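Visitor: This structure is in C-alpha cells; I'll ask about it shortly.
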Amino acid sequence: MSRKADAIRSAVVAAALLTLAACGGSEPATFENPVFRGDFPDPFVLKDGDTYYAYATNGAGKQVQTSTSKDLVHWQPGPDALPKVGSWAFIGETWAPEVLKRDDGSFVLYYTANKCVGRAVAGKPLGPFVDSAKESLVCQPTLGGSIDASPFRDDDGKLYLLWKNDGNAIGAPTYIYAQRLSSDGLHLVGKRTTIEKNDVPWEASVVEGPMLRKYDGRYYLFYSGNVYSGAGYAVGYATCASPLGPCQDAPENPILKTTCDAHGPGHNALIDDGAGRTWIVYHAWDAAYAKRQLWIDRLDWTDGKPVVEGPTCKAQDAPKP
C-alpha cells in the first residue's frame, strides 16, 4: 500500500471513530447474569468514590470475601476484609457482612460469627477491619442467635441496625429486629422493636437478610424468606412507617424468585448507579446448587412500589458507572 493510500485509510478510520464517539457508541453496553460466577454468598455492595465494593460470607480462604468493580458488571476479587475476627468469635463461620461509611470517612463492618453480630472498624473500604470489642454487639442465644445485620442511615443522620434472630434453627419463629445505633455506629441505643415475622406461606420458617431503603419519603424493608438452600428462597418487601416500624408486607410478594438459571435468589442489597438507577444485587444458586453466584437486575419504582424484572438471564442494558 502506498503512503498516500495509507494516509487516506487512516483519515477514514479516524473520522469514523470521531462520528462513533459523537453518537455515544453504536449500541448501549449490555451484560448477562451472573456477573460473578464464583461462590459469593450474601452479597452487599457499597459505592465509595468511583468504585463499587462487594462483600460476602466467608469462602475462598477468607473470613469476609471482597470484590471491586467500576461498573457493577466486571468484578475483581479482593483481599480478606476481616483477616482476624473479634476475640469473642471463632473463625470459619463469618456471615453476611455489610459496611457503613461514617461521617469522618472511616468504615464500620457488621458481621455474624458464633450466631452473634459484631462490628469492626477500618480506614478504607477493603480494610483490614479490626474488631477490638470484648463482646459482640448483639446476641440472642435463647432465640437461636442473631445474624444478618444491616445498617441504615436516615435523612436526619440517625443510624439504625436491622438483624434477625435465627429462630428457624431451633424450631422457633423468626423476627427481623430494628434498633437505633450510636452516632459512631458501634453501640445499640434506645428501644428494640420487631418489624417483620415469618407469617405467610411463601416465607415458610424464615425471614432474613433485611435491608432498609428510603424512597420518596417512605421506608421499604427488603428481606428474604424460605429455606436458603432451596428453590423456594425469594425476596419480598414491606412498607414501614419508620425505621423502627411498624411494617406491612406487600401483597404482591415475593418480587424476586426462582426463574431461568437463578435458583433460590435472595439476600439482596440495593445500590444506585451513576445515572441514579437502582439495582438489586443478590445471590442465586447455580444449576448444581454448588455455589451462590452474584446477580444484578434493575429495580424500578412504579406507583410507589419496587418492581424487579428478574431474575434475567438474557442480555440487558448495563449499569452506568
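The numbering used here applies: residue 362 is where the sequence shown begins, and numbers increase by one. Virtual Cβ for every residue (Gly too), placed ideally from N, Cα, C. Only a predicted model underlies this, so the values are computations on that prediction, with no experimental measurement involved.
Where do the N-terminal and C-terminal ends of the beta strand (DSSP E) with Val550 fall, by residue?
Guide: In this chain, the beta strand (DSSP E) harbouring Val550 covers 549 to 558.
Visitor: Between Val469 and Tyr643, what straight-line distance do the alpha-carbon atoms span, to the nearest angstrom?
Guide: 21 Å
Visitor: Apart from the five residues on each side of it in sequence, which residues of its chain come closer than 6 Å, Cβ to Cβ, to Gly386?
Guide: Note that Gly386 has pLDDT 43, beneath the 50 cutoff, so the model's placement of it is unreliable and no number is given.
Visitor: Extract the residue ranges of the alpha helix (DSSP H) inside the region 500 to 572, only unbroken runs of 4 or more that lie entirely within it.
Guide: You should have found no qualifying run.
Visitor: Drop a sphere of 10 angstroms on the beta-carbon of Ala481, count the other beta-carbons inside from all chains shown, and report buried for 16 or more, exposed for fewer.
Guide: buried
Visitor: Measuring only the C-alpha atoms, how far is Ala599 from Asn587?
Guide: 16 Å
Visitor: Within a Cβ cutoff of 7 Å, which residues of the same chain sit near Asp432, ignoring the five residues on either side of it in sequence?
Guide: Ala679, Pro680, Pro682
Visitor: Taking just the CA atoms, how far does Ser590 sit from Tyr650?
Guide: 8 Å
Visitor: At what residues does the beta strand (DSSP E) containing Lys666 begin and finish?
Guide: 666 to 669
Visitor: Using three-state DSSP, classify Pro486 as helix, strand or coil.
Guide: coil
Visitor: By Cβ distance below 6 Å, which residues in the same chain neighbour Gly506 in space, the five residues on each side in sequence not counted?
Guide: Lys476, Asp527
Visitor: Give the straight-line distance between the Cα atoms of Lys445 and Lys485, rounded to the nearest whole angstrom.
Guide: 16 Å
Visitor: Does the contact criterion of 3 or more C-beta pairs under 8 Å hold for the region 649 to 663 versus the region 401 to 408?
Guide: yes
Visitor: What is the C-beta distance between Thr427 and Leu487, in whole angstroms, given that I count them as a contact (C-beta under 8 Å)?
Guide: About 6 Å separates the two Cβ atoms, so the contact holds.
Visitor: For Pro607 and Ala539, which I take to be in contact (beta-carbon distance under 8 Å), what is that distance rounded to the nearest angstrom?
Guide: Incorrect: roughly 11 Å between the Cβ atoms, too far for contact.
Visitor: Judging by CA-CA distance, which residue of Lys408, Glu496, Gly627, Ala450 is the nearest neighbour of Pro571?
Guide: Gly627
Visitor: Near Val567, what residues of its chain come up, given a Cβ to Cβ distance below 7 Å and the 5 sequence neighbours on each side ignored?
Guide: Closer than 7 Å at the Cβ level, and outside the excluded window around Val567, lie Asn529, Thr535, Asn559, Gly586, Asn587, Val588.
Visitor: Can you give me the C-alpha to C-alpha distance between Arg398 and Lys652, rounded to a whole angstrom?
Guide: 8 Å
Visitor: Report buried or exposed for Gln424, applying the criterion of at least 16 other Cβ atoms within 10 angstroms of its Cβ.
Guide: buried
Visitor: According to DSSP, is Cys601 helix, strand or coil?
Guide: strand
Visitor: Among the residues of its own chain, which have a CB less than 6 Å from the CB of Ile556, if the five just before and after it don't count?
Guide: Ile537, Ala539, Gly606, Cys608
Visitor: Does the Cβ-Cβ distance between Val478 and Ile508 come in under 9 Å?
Guide: yes
Visitor: Would you mind stating whether Tyr576 and Pro667 have Cβ atoms separated by less than 9 Å?
Guide: yes
Visitor: If contacts are defined as beta-carbon pairs under 8 Å, then Gly593 and Asn614 qualify, I think. What distance do you get, rounded to the angstrom?
Guide: No, Gly593 and Asn614 are not in contact; Cβ-Cβ is about 13 Å, not under 8 Å.
Visitor: Helix, strand or coil, according to DSSP, for Gly447 in the structure here?
Guide: In the structure shown, Gly447 sits in coil (DSSP, three-state: anything other than H, G, I, E or B).
Visitor: Which word fits Lys618, buried or exposed, when buried means at least 16 other C-beta atoms lie within 10 angstroms of its C-beta?
Guide: buried
Visitor: Sort Gly625, Leu542, Thr554, Ala636 by Cα distance to Ala602 and report the nearest one.
Guide: Thr554
Visitor: Could you round the C-beta distance between Ile641 and Tyr413 to whole angstroms and report it? I think they count as a contact, below 8 Å.
Guide: Wrong, their Cβ atoms sit about 14 Å apart, outside the cutoff.
Visitor: Name the two residues that bound the continuous beta strand (DSSP E) containing Ile641.
Guide: 639 to 646
Visitor: Note down the Cα distance separating Ala595 from Trp662, rounded to an integer number of angstroms.
Guide: 19 Å
Visitor: Near Val669, which residues of its chain fall below 7 Å by C-beta distance, leaving aside the five closest residues on each side in sequence?
Guide: Ile616, Leu617, Ile641, Asp658, Leu660
Visitor: Only counting runs of 4 or more residues, tell me where the alpha helix (DSSP H) segments fall wholly within the region 386 to 442, in order along the chain.
Guide: Runs found: none.
Visitor: Evaluate Thr503 with the Cβ neighbour count: other Cβ atoms within 10 Å of its Cβ, from every protein chain shown; 16 or more gives buried, anything less gives exposed.
Guide: exposed
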